[in-house]
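> Residue numbers (the UniProt record's numbering): 1 to 223. Below is the structure I would like to discuss, written out as structure tokens.
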Amino acid sequence: MPRIHFHQQLAELKDKLLAMAALAQQAVESAVDAYLRRDKGLCKFVKQNERAIDTAQRELDEMAYELLAKEQPMAIDLRFILAVIKINGDLERIGDQSMSISRRTKEILGSEVVELPVDFGAMGDFAGQMIRTALQALLDGDARLADSVREMDDEIDRMNRRAHSDLLKLIEEKPGSTQQAMNGILVAKNLERIADHASNIATDVIFWIRGADVRHQLSMSVD
1 MPRIHFHQQL AELKDKLLAM AALAQQAVES AVDAYLRRDK GLCKFVKQNE
51 RAIDTAQREL DEMAYELLAK EQPMAIDLRF ILAVIKINGD LERIGDQSMS
101 ISRRTKEILG SEVVELPVDF GAMGDFAGQM IRTALQALLD GDARLADSVR
151 EMDDEIDRMN RRAHSDLLKL IEEKPGSTQQ AMNGILVAKN LERIADHASN
201 IATDVIFWIR GADVRHQLSM SVD
């Protein structure tokens, strides 16, 4: 019976993590939408969402550390709890990056719209797809699916480099666009970092399933 209860607690831990992940996904989508539409109301929503993510992170960490202390799990169960703790941190940082996009949106509210040569919607969609795929890998315990997320990271890196280059070129050609172009460079970097955190989540899923540390094999983890 005690082991049955323990595995019920692991299932509850997983459910709580997936609920927090839904908040993080919503934060990314809302932040990108707010930026594209210059929507002050959505910026406020992103801020409220970040508070909910922070609260969820504290509660999840507390539950995970309590399970470690009380149950002293071994092997795959231990790896799962350790992975949850790390994924929890990456989800919180995704919320932070989304909040950063929201702040950058506020910086350009009221300014004349400058058409930027970057498809931020596509970047946001790609980062969101990486998050969804990483979480599906977690849900299914699918290390191969997690591998595919890490491979996707190269594409978002290319998108960010291209955005950086195109926006610097715009500044050279149209100095009046400098403020919004620099703002766009930072938003593109936020999206690239969100994708990095999705890759980190995939890395932790691989650690849980295979017991292998692959952090430095394809991409670098971020803080």
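For glycine and all other residues, C-beta sits at the position ideal for the given N, C-alpha and C.
Glu115 lies in the alpha helix (DSSP H); which residues open and close that run?
Translated into positions along the sequence shown, residue 115 becomes position 115. Run containing Glu115: none; DSSP gives neither H nor E here.
> Report yes if the CB atom of Ile194 is closer than 7 Å to the CB atom of Ile85, and no otherwise.
Position 194 of the sequence shown, counted from the first residue, corresponds to residue 194. Position 85 of the sequence shown, counted from the first residue, corresponds to residue 85. Cβ distance not < 7 Å, so Ile194 and Ile85 don't count as in contact.
> In whole angstroms, what separates the C-alpha of Asp39 from that of Ile101?
By one-based count along the sequence shown, residue 39 stands at place 39. By one-based count along the sequence shown, residue 101 stands at place 101. Asp39 and Ile101: Cα-Cα distance of roughly 12 Å.
> Could you give the distance in angstroms between the alpha-carbon of Ala24 and the alpha-carbon of Val32?
Counting from one through the sequence shown, the residue named residue 24 turns up at place 24. Counting from one through the sequence shown, the residue named residue 32 turns up at place 32. Each residue's Cα considered, the two are about 13 Å apart.
> Give the list of continuous alpha helix (DSSP H) stretches no shorter than 4 residues that lie fully inside the segment 138-202.
Segments of the alpha helix (DSSP H) lying fully in the segment 138-202: 143-173.
> For the segment 75-91 and the segment 193-210, state whether three or more C-beta atom pairs, one from each stretch, are separated by less than 8 Å.
The segment 75-91 vs the segment 193-210: in contact.
> I'd like the span of the alpha helix (DSSP H) that includes Gln57, first residue to last.
For the purposes of this step, residue 57 is identified with residue 57 of the sequence shown, where counting begins at 1. Its alpha helix (DSSP H) spans residues 40-71.
> Return the Cβ separation of Ala188 and Ala163 in integer angstroms, given the expectation that the two are a contact with Cβ distance under 8 Å.
Reading the sequence shown from its first residue, position 188 is the one you call residue 188. Reading the sequence shown from its first residue, position 163 is the one you call residue 163. At roughly 4 Å, the Cβ-Cβ gap stays under 8 Å, so Ala188 and Ala163 are in contact.
> According to the neighbour-count rule (16 or more other Cβ atoms, all chains shown, within 10 Å of its Cβ), is Val113 buried or exposed?
By 1-based counting over the sequence shown, the position of residue 113 is 113. Answer is exposed; the Cβ neighbour count stays below 16.
> Can you grab the Cα-Cα spacing for the pair Gly124 / Val118, in whole Å?
As a position in the sequence shown, residue 124 is number 124, starting the count at 1. As a position in the sequence shown, residue 118 is number 118, starting the count at 1. Going from the Cα of Gly124 to the Cα of Val118 covers about 11 Å.
> With C-beta atoms as the reference, is Leu67 less than 7 Å away from Gln9?
On the sequence shown, residue 67 is found 67 positions in, with the first residue counted as 1. On the sequence shown, residue 9 is found 9 positions in, with the first residue counted as 1. The answer is yes: Cβ separation under 7 Å.
> Taking the alpha-carbon of Ala137 as reference, which of Ala127, Gln26, Phe126, Val149 has the nearest alpha-carbon?
Position 137 of the sequence shown holds residue 137. The candidate whose alpha carbon is nearest that of Ala137 is Val149.
> Give the DSSP-derived three-state secondary structure of Val212 in the structure shown.
Position 212 of the sequence shown, counted from the first residue, corresponds to residue 212. In the sequence on display, residue 212 carries Ala and not Val. The answer is coil: DSSP assigns Ala212 none of H, G, I, E or B.
> Between Val28 and Ala127, how many whole angstroms is the CB-CB distance? I'm expecting something under 8 Å.
Taking the first residue of the sequence shown as 1, we reach residue 28 at position 28. Taking the first residue of the sequence shown as 1, we reach residue 127 at position 127. Confirmed, about 6 Å.
> How many whole angstroms separate the CB atoms of Arg210 and Ala143, which I take to be in contact at a CB cut-off of 8 Å?
Here residue 210 refers to the residue found at position 210 of the sequence shown. Here residue 143 refers to the residue found at position 143 of the sequence shown. Going by Cβ atoms, the distance from Arg210 to Ala143 rounds to 5 Å, so yes, they are a contact pair.
> Cβ atoms of Ala83 and Phe6: under 7 Å apart, would you say?
Against the sequence shown, residue 6 aligns to sequence position 6. Against the sequence shown, residue 83 aligns to sequence position 83. Cβ distance not < 7 Å, so Phe6 and Ala83 don't count as in contact.
> Would you give the residue range spanned by the alpha helix (DSSP H) that Gln97 belongs to?
Here residue 97 is taken as the residue at index 97 of the sequence shown, counted from 1. 75-108 is the span of the alpha helix (DSSP H), which, as asked, contains Gln97.
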